[in-house]
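Novice: Same order as they appear, the protein sequences are chains A and B.
In terms of the numbering used here, the numbers along the first sequence are unbroken and rise by one, the last being 885.
In terms of the numbering used here, the numbers along the second sequence are unbroken and rise by one, the last being 427.
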Amino acid sequence: MDKNDWLFEITPKNKLLDFNFKEIWAYRDLLILFVKRDVITLYKQTILGPLWYLIQPLFTSIIFTIVFNKIANIPTNGVPPFLFNLAGITAWSYFKDCLIATSDTFKKNEAIFGKVYFPRIIMPMSIIVSNLLKFGIQLVVFFLFYGYYVFQVVPINLSLNLLYLPILIISMGMMGLGLGMIISSMVTKYRDLTFLVSFGVQLLMYLSAVVYPIELMREKMNEYAWVVEYNPMTTIIVTFRNIVLNTNTVSIVEIGSMLAISFILFIFGMLVFNKTEKSFIDTI
Amino acid sequence: MSDVILKVENLSKQYRLGTIGTGTISHDLNRWWAGIRGKEDPYLKIGETNDRSKKGESEYVWALKDINFEVKRGEILGIIGKNGAGKSTLLKILSKVTGPTTGVIKYNGRIASLLEVGTGFHPEMTGKENVFLNGAILGMTKKEISSKLDEIIEFSGCERFIDTPVKRYSSGMKVRLAFAVAAFLEPDILVVDEVLAVGDTEFQKKAIGKMQDISNTEGRTVLFVSHDMAAISSLCSICILLEYGYVKEVGETKQVINNYLTCKTNTLLSNVFFKDDLYLKSFKLLSKQRERIDFVLFDSTIIFEVEIESKREIVNDFILEFKVKSDSERVLSTFSTYLNKYQFKTNGGYSRKLSCVVDSVSLIPGKYSIDIIIIKYMEGDKLAKLSDVYNFEVVRSNNFIFSNKIKSKFHGDFIMKYKWS
C-alpha cells in the first residue's frame with residue numbers, strides 16, 4: 602500500500618489552526634439532539650416546568666426595582682424602572698448562562714468525553730443554542746410587558762434600531778461562548794477558575810451597567826467610569842437597552858467594535874479549546 | 007486479504023504521576039519555553055517503564071512505549087494484558103479520546119468505540135430518545151438511526167420499555183440497548199472494551215455472534231479488549247499481548263493466550279530456611295505440560311511442585327501441607343501428605359522434589375494464594391509456615407462454565423462438575 606494512501610491519521614500535536622469544519626458539520630444532528638436533550642430534560646419532574654424560564658427574570662426584575670430604584674433611588678432616564686431592569690436582566694442572563702454553562706464543559710462531560718470521540722465544540726455550541734431558545738422565550742415576555750407599557754402607561758417610541766437586535770444576539774452568543782471556552786479549557790488543569798467564575802460573574806454584572814444607566818456612572822464616579830465603559834459587556838447591555846427601549850441613539854461604530862471584540866474572543870476561545878480537547882482527559 | 011486498514015507506528019503515551027498543583031505551572035512554562043526555542047520537550051526524555059509495583063525515580067511514566075502493529079480488513083484483533091499494561095490507554099488513543107505523546111496511527115475508514123457502553127445515556131430520556139442521542143454521539147446521522155431504529159430495538163430486546171425513561175432500566179437493559187446502538191453503527195473499525203462483562207449469557211452469545219458477523223460477513227475490523235480468555239479465543243484470530251506498555255507479543259491467538267497464562271508474576275522463593283536443618287529450595291505451580299503458570303484454567307490439571315533439602319535423612323517424620331486460600335484469606339482446601347498418608351522421605355544432604363498433581367481444578371474463577379506449612383510428625387510442632395508463597399488466578403474456560411457472570415461470593419467457592427438431563 603502506498604504511504605500516502607491513508608485517509609486519516611491520529612498524530613500527537615495539533616496545528617494551531619486545525620478546525621475541521623467538515624467534521625463539525627457531519628455532527629450537526631448531534632448538536633440538535635443535545636439541544637433537544639437540554640430543553641426537554643431541564644424541567645422534568647417539576648410542576649411549573651418551562652414557566653421557570655419566565656419566573657427567574659420577572660422576580661429578579663421586581664426585586665431589583667424595589668432595591669435599586671425604590672430604595673436606592675437610581676434614576677432610569679425616564680424609562681419605567683421595571684422595564685429598565687427587565688431589559689438589562691434578560692440580556693445579561695443570556696450571557697451569564699452561556700458563560701457559566703460553557704465554562705464547565707470539560708469537567709461536566711468528563712465521563713462522556715473520556716469514552717467517545719466527537720468534535721468537542723459541539724457541546725458548548727449546543728449550550729449556546731439551547732440558551733438561545735430560553736433567551737427567545739424571555740425576550741417574548743419582555744416584549745409583552747413592553748407592549749403593555751407602550752400602550753397603557755408611558756408612551757415609548759418604537760424605533761428602527763430594533764433591526765440591530767440579531768447582530769446583538771450573535772455578539773452576545775459569541776462572547777459567552779468564547780469566554781466560556783477559554784475558561785473551560787483552563788479549568789481542566791487549574792480548578793481555581795471555577796471559583797473565579799462563580800463569584801466573578803456576580804461582580805461582573807455590577808461592572809456591566811445592568812442595574813444602572815451608564816450616564817449615572819459617568820456623573821457620580823467619573824474617574825472610574827472607564828472600568829465600566831471598556832467592559833465589552835457594558836456595550837452589549839447598553840446597546841440592547843437603547844435598541845429596545847429607544848432611549849438613546851445607537852452608534853454603528855459601537856456596534857461594529859462590539860461585534861469585532863466578540864468575534865476575536867470567539868476565535869481565541871476556539872483556538873484554546875481546540876488545543877485542549879486532544880489531551881484534556883489526562884489532566885482533568 | 008492483505009488489505010491493511012489500520013497501522014500503528016511507534017506510538018507512545020506519557021503520563022505524569024502525582025497530583026497537579028503549583029508544580030505543574032513550572033513544568034508547563036518549561037515546556038513552553040523549550041517549544042519557543044524550537045527544542046524538544048524536556049520531559050519526554052525522562053519517562054520510565056510503567057511498572058506500578060516498583061518505586062520509580064521519575065515523575066513521568068510511559069503508559070505505552072513504541073507500539074507497532076497492523077490490522078487487516080475484516081480481522082478481529084484481541085488485546086490482552088494485565089491491569090495497567092496499557093490496553094485501555096491504547097483504545098483511548100485509537101478512539102481519539104486522548105492524543106498520543108509521540109507516534110502516528112494511520113487508518114482508512116471510520117473508527118467507532120464502545121468503551122463501557124451507555125455513555126451519554128440521559129436518565130430522564132426515554133429509550134428511544136437515547137437511541138438517537140447515543141447514535142449521534144457515536145457518529146451516526148439522524149437519518150441513519152431512523153432507518154435502523156426497528157432493528158436496533160429488536161436486537162436490544164427492550165421493546166416494551168422503549169418509551170420509558172432510561173433511569174427505570176436495569177443495568178443489563180441499559181447495556182443491551184447501548185450495545186444494540188453500537189452494533190448497528192457500521193463503522194469500518196469497531197473498538198470494544200470489556201462490554202460483555204454485564205448482560206446475561208444469552209445476550210453475550212448474541213453480542214459475540216454480532217461481532218463475528220460484523221467481521222465475517224460485513225468485512226469490518228474489530229479491536230477487542232478483554233480479560234475473558236474464553237471470549238478472546240473464540241472471537242479473535244490474532245492477538246496482541248501488552249506488558250508494561252510494550253508489545254510483548256503479536257501473533258496467533260492461541261499461542262499468545264498460552265504465553266499470557268504462563269507469564270510469570272510470582273517472584274519465586276528459593277532457599278528458605280526452616281527449623282531442623284530443613285530448606286525449602288523452591289515452590290512452583292505447573293501446568294500439565296510442566297510449565298510454570300500463574301493462571302489456571304478451570305477444570306485443567308495442575309501440579310504443585312516443591313523442592314526440599316535437608317542436611318539429614320528424613321523418613322516420614324514431617325508433614326507437608328499446602329493450603330489454598332481465597333482472596334478473603336479463607337482456607338478453601340488443604341493438600342496434605344498426612345491426610346492421604348504419603349510417605350515423605352529425603353536422603354540426607356540431598357534435595358528432593360515433590361509433586362502434587364490435582365486432576366481437575368474445581369475452584370471457582372477468582373484469585374487465590376497458597377500457604378506452605380511443615381509440621382513435625384511426632385510432636386505436632388509447627389516447624390514453619392510460609393504465607394502467600396504463590397498467587398494464582400483461576401480463569402474460566404469454555405469447557406464447563408460458559409457464563410462469565412460467575413462470582414465466588416454468589417456461587418460458592420467450588421463448582422463441581424455436573425450434568426443436566
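Cβ coordinates follow ideal geometry from the N, Cα and C atoms, glycine included.
1. For the putative contact between B/A184 and B/F127, defined by C-beta atoms under 8 Å, what is the C-beta separation to the nearest angstrom?
2. Answer yes or no: do A/F685 and A/T677 have a C-beta to C-beta separation smaller than 7 Å?
3. Please report the residue range of the alpha helix (DSSP H) in which A/S863 lies.
4. Please list, in chain order, the chain A residues whose beta carbon lies closer than 9 Å to that of B/E130.
5. Return yes when the Cβ of A/A702 is within less than 7 Å of the Cβ of A/I886, no when it is not.
6. Grab me the residues of B/M7's own chain with a C-beta within less than 7 Å of its C-beta, minus the 5 sequence neighbours each way, in chain order.
7. Flag A/P557 as yes if its beta-carbon sits less than 7 Å from any beta-carbon of chain B, otherwise no.
8. Rounded to a whole number of angstroms, what is the C-alpha to C-alpha distance between A/G870 and A/S772?
9. Please state whether DSSP places A/I722 in a helix, a strand or coil.
10. Inspect the beta-carbon positions of B/S375 and B/N397 and report whether they are closer than 7 Å.
11. Quick check: the Cα distance between B/S239 and B/Y266, rounded to an integer number of angstroms?
12. The alpha helix (DSSP H) that contains B/R5, what's its start and end?
13. So B/F138 contacts chain A; which residues on that side make the cut at Cβ distance below 9 Å?
14. Is the beta carbon of A/P767 closer than 7 Å to that of A/E624?
15. Label A/W653 either buried or exposed according to how many other C-beta atoms from any shown protein chain fall within 10 Å of its C-beta, with 16 as the threshold for buried.
16. Taking the beta strand (DSSP E) that A/V798 belongs to, which residues open and close that run?
17. Would you say B/P106 faces chain A, with C-beta separation under 7 Å as the test?
18. To test your reading of the DSSP string, which unbroken alpha helix (DSSP H) runs of 4 or more residues are found completely within the segment 95 to 165 of chain B?
19. Can you check whether the C-beta of A/P720 is within less than 7 Å of a C-beta belonging to chain B?
20. What number of angstroms, rounded off, separates the C-alpha of A/L780 from the C-alpha of B/K134?
21. Taking C-alpha atoms, which residue in B/I378, B/I325, B/P106 lies nearest to A/T612?
22. What's the C-alpha gap between B/K382 and B/E319?
23. Starting from the beta carbon of B/L144, find every residue of chain A whose beta carbon is closer than 7 Å, and list them in chain order.
24. Going by the CB atoms, is the gap between B/V302 and B/V400 shorter than 7 Å?
25. Thinking C-beta only, is B/I86 closer than 7 Å to B/V14?
26. I need the DSSP call for B/E208, collapsed to helix, strand or coil.
27. What residues from the segment 856 to 879 of chain A come within 7 Å of chain B, judged by C-beta to C-beta, listed N to C?
28. Could you name the residues of chain B that A/T612 contacts, counting a contact when the two beta carbons are closer than 7 Å?
29. Going by DSSP, which residues form a beta bridge with B/E335?
30. Closer than 7 Å by C-beta to A/M782: which residues in its own chain qualify, once you throw out the five before and the five after it? Chain order, please.
31. Along the chain, where does the beta strand (DSSP E) that runs through A/S786 open and close?
32. With distance defined between alpha-carbon atoms, name the residue in A/R842, A/L860, A/S858 nearest to A/A692.
33. Distance, Cα to Cα, B/D365 vs B/K294?
34. Which residues in the same chain have their Cβ closer than 8 Å to the Cβ of A/V730, if we skip the five residues on either side of it in sequence?
35. Are there 16 or more other CB atoms within 10 angstroms of the CB of A/V798, so buried, or fewer, so exposed?
Specialist: Reading off the structure:
1. 7 Å
2. yes
3. That run of the alpha helix (DSSP H) goes 853 to 878.
4. R638, I641, T642, K645, Q646
5. This structure does not reach residue 886 of chain A, given that chain A is present from 602 up to 885, and the question cannot be answered.
6. Because B/M7 sits at a pLDDT of 45, beneath the cut-off of 50, its placement in the model cannot be relied upon, and the following sentence gives the value as read from the coordinates. Cβ neighbours of B/M7 within its own chain (closer than 7 Å, five residues either side excluded): K78, R79, G80.
7. The structure shown does not extend to residue 557 of chain A, since chain A spans only 602 to 885, so no value can be given for it.
8. Just so you know, the alpha carbons of A/G870 and A/S772 end up roughly 14 Å apart.
9. Three-state DSSP puts A/I722 in coil, outside helix and strand.
10. Yes.
11. Approximately 12 Å between the Cα atoms of the pair.
12. The shown model of chain B, from 7 to 427, leaves out residue 5 of chain B, and the question about it has no answer.
13. D630, L634, K637
14. no
15. exposed
16. A/V798 -> not in any beta strand (DSSP E); alpha helix (DSSP H) instead, spanning 793 to 807.
17. yes
18. 133 to 143, 148 to 162
19. It does not; no Cβ of chain B falls within 7 Å.
20. 35 Å
21. Here the closest residue by C-alpha is B/P106.
22. 14 Å
23. Ordered by position in chain A, the residues that pass the 7 Å Cβ test against B/L144 are V717.
24. yes
25. no
26. helix
27. Contact residues of the segment 856 to 879 of chain A toward chain B are K879 (C-beta to C-beta distance below 7 Å).
28. V110
29. Paired residue(s): none; B/E335 is not in a bridge.
30. T703, P725, G870, M871, V873, F874
31. Not the beta strand (DSSP E): A/S786 falls in the alpha helix (DSSP H), residues 766 to 788.
32. A/R842
33. Distance between the alpha carbons of B/D365 and B/K294: 9 Å.
34. L632, V636
35. buried
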